[in-house]
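Note sheet for the following structure.
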Amino acid sequence: MCELDEERLMQGTQTVDARPAADATGQTAAEARLQRNLKIVVVALGVLIFAGLATAVGRIIYLASAKPAQPASSSMTLAPAAGLQLPAGAQVKSISLSGDRLAVHYEASGAEGVAVIDLATGQPVASVGITRAAPN
Numbered sequence: 001m002c003e004l005d006e007e008r009l010m011q012g013t014q015t016v017d018a019r020p021a022a023d024a025t026g027q028t029a030a031e032a033r034l035q036r037n038l039k040i041v042v043v044a045l046g047v048l049i050f051a052g053l054a055t056a057v058g059r060i061i062y063l064a065s066a067k068p069a070q071p072a073s074s075s076m077t078l079a080p081a082a083g084l085q086l087p088a089g090a091q092v093k094s095i096s097l098s099g100d101r102l103a104v105h106y107e108a109s110g111a112e113g114v115a116v117i118d119l120a121t122g123q124p125v126a127s128v129g130i131t132r133a134a135p136n
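Following the UniProt record's numbering, the numbering of the sequence shown begins with 1 at its first residue and continues without gaps.
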C-alpha cells in the first residue's frame, strides 16, 4: 500500500506545462510570426535606404551634368570698341548688367532715358525715353 500511495503522490505533484506547444526550433507560433514580421520590416527598411541613396546620387549626377541656365560671365567675349552715345550733358544715374546686356539709366537736360547695349557685339539694342507725369 505504500507503493500505491507513492504513485498517487507522484501523480499529484506532477505539474502541467501551461506554455503553448513549441516547434522543432523551440519557438511558439506567435514567436515565429513575430520573427518573420521583423525580418520583413528590416529588409523593407534596407531597400528604402538603398533606394534613397540611389535617388540622391542620381540627382547629384543629373544636376552636375546639366548646362547652367546663364553662361558664366568670364566666358563672355566683349566687343573691342563698345561705346554708347548719350545726349550732351547727360548724367548716368545707374547701370545694370544682365547676361550680355548692359542697361544704362541716364538723365540729360530734364529728360530721362534707358539705353540697352549688347556687350557681345557692342551695338545698341534699344533706347527707351522716360517721361514723368506732372505731380497733382
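For each residue, glycine too, the CB sits at the ideal point set by N, CA and C.
What residue ranges within the stretch 78-117 form continuous beta strand (DSSP E) runs of no fewer than 3 residues, ordered along the chain?
-> Counting whole runs of 3 or more residues, the stretch 78-117 contains the beta strand (DSSP E) stretches 91-98, 101-108.
Across which residues does DSSP place I130 in a beta bridge pair?
-> Paired residues: E112.
What residues match up with P124 in a beta bridge as DSSP calls it?
-> DSSP, once it has assigned bridges, lists I117 as partnering P124.
When the Cα atoms are used, what is the spatial distance from A44 to Q35?
-> Distance between the alpha carbons of A44 and Q35: 14 Å.
Between S96, L102, D100, A111, which lies nearest to A90 when the distance is taken from Cα to Cα?
-> Out of S96, L102, D100, A111, A111 has the C-alpha closest to the C-alpha of A90.
What do you get for Y62, buried or exposed, if any count of 16 or more other CB atoms within 10 angstroms of its CB means buried?
-> Burial call: exposed.
Rounded C-beta distance between V125 and Y106? I'm assuming under 8 Å.
-> That belief does not hold up - the Cβ atoms of V125 and Y106 are roughly 15 Å apart, past 8 Å.
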